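Read left to right, the sequence shown gives residues 5 to 298 (our numbering). To start, the structure itself, in structure tokens.
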Amino acid sequence: MTTLNLIGCGAVGRTLGRLLNEARLCEVRDILTRSAESGTDGTLFIGAGRPVRDYAQLAPAELYLIAVPDDAIAGCAERLAASGRLRAGCVVCHLSGALSSSVLAPVAAAGARIASLHPVRSFADPLRAVQDFPGTWCAAEGDSEALELLQPIFGALGAQLFPIDPAFKSVYHAGAVLACNYLPVLVELGLRAFGRAGVGPEVARQVLEPLVSGTVDNIFRMGTAGALSGPIARGDLGTVTRQLAALSEWDPSVAELYRQLGLVALELSGQKEGAPPQRPAKLGGLLENGPLKG
């Protein structure tokens, strides 16, 4: 059984710690946290481990999982490297979606193998995350020796690891932010637009819910181009012109967002089955230049 130390024990750390402990894939040794309360809570949730507050207290382990906020990872790597607790060939892996394994350079210089592994799922509710983890996709990159250790361990939990180019990891993570974190923002802007037209928030939510839910379902059933609907997909120049003008008067920043997203929508519309071979020139010009130009 692989010996494991956890550095950080928030929602992600405690979820993975519990999964690895319950599956008897890892022997959880030490759990390093900033507060004694967090460490105690973490060990209780995981069902194993010893809470510690200092890097010098860490017992040597074969695997170190760094589960701290992104901005703290570099500092953790520096302190872990300086602790003298690392053994040559051990694996140090962080769980950030935005940073590559290169941020762990200090521990690599101390003889560790390094990797990053990003589970693409929400961990807001650790108990739910433990139940739902099988099937989770995980972006992984790093030293081959590190990945050789991580692949079978996380594979046994039901995770599906996929490779990622570390040079573009921030772009990858931004993609997840755009598709997931910004979806509520777009819905919020839609609700505000409804409100400007006198529609109450509760009614607006009820009206939009089936539209949004149906669109999300269609995206993963038909693809993004197949799921695209609305005036741009139809090539409805008049409607897009009126909407851009109305949005520009109400909130120019929303109009600009509509225009930029509309350009991508126009590109997608050209991929739809039965679409004309060339995008409508007038609609493209409107979206590129805005309603008052050209």
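Note that the Cβ used here is the ideal one computed from N, Cα and C, for glycine as well. This one's a predicted model, so the numbers in the text were calculated from it and none came from an experiment.
For the beta strand (DSSP E) assignment, the uninterrupted runs of no fewer than 3 residues enclosed by the stretch 129-199 are, from N- to C-terminal side, 141-146, 164-167. Separation of Ile236 and Ala143 (C-alpha to C-alpha, rounded to the nearest whole angstrom) is 34 Å. A direct Cα-Cα distance of roughly 14 Å separates Asp255 from Leu195. Taken in chain order, the unbroken stretches of beta strand (DSSP E) that lie wholly in the stretch 78-108 and span 3 residues or more are 95-98. Nearest Cα to Ala259 within the set Leu290, Leu232, Ala180: Leu290. C-alpha of Glu206 to C-alpha of Tyr262: approximately 24 Å in a straight line. Note that the C-beta distance between Thr140 and Ala160 is not below 8 Å. As summarised for the stretch 259-291, there are no continuous beta strand (DSSP E) elements at least 3 residues long confined to that stretch.
Distance check between Arg28 and each of Thr7, Ile35, Leu251, Gly17 places Thr7 closest, using alpha-carbon atoms only.
Beta-bridge annotation (DSSP): Asn9 is paired with Tyr68. Remark: C-beta atoms of Ser105 and Pro170 approach each other more closely than 8 Å.
When the beta-carbon positions are compared, Ala229 and Gln275 come within less than 8 Å of each other. Taking the CA atoms as reference points, Gly12 sits about 17 Å from Cys30. Within the model, the alpha-carbon separation for Arg238 versus Pro123 is close to 38 Å. Cβ atoms of Gly21 and Gly46 come within 8 Å of each other, at about 7 Å. With a cut-off of 8 Å on Cβ pairs, the stretch 115-122 is in contact with the stretch 86-103, counting three or more such pairs. Within the same chain, and ignoring the five residues on either side of Phe224 in sequence, no residue has its Cβ closer than 6 Å to its Cβ.
Bounds of the alpha helix (DSSP H) holding Leu215 are 205-226. Listed in chain order, the non-local C-beta contacts of Ala81 below 6 Å within the same chain comprise Leu108, Pro110, Val111, local neighbours out to five positions each way being set aside. Separation of Cys184 and Val191 (C-alpha to C-alpha, rounded to the nearest whole angstrom) is 12 Å.
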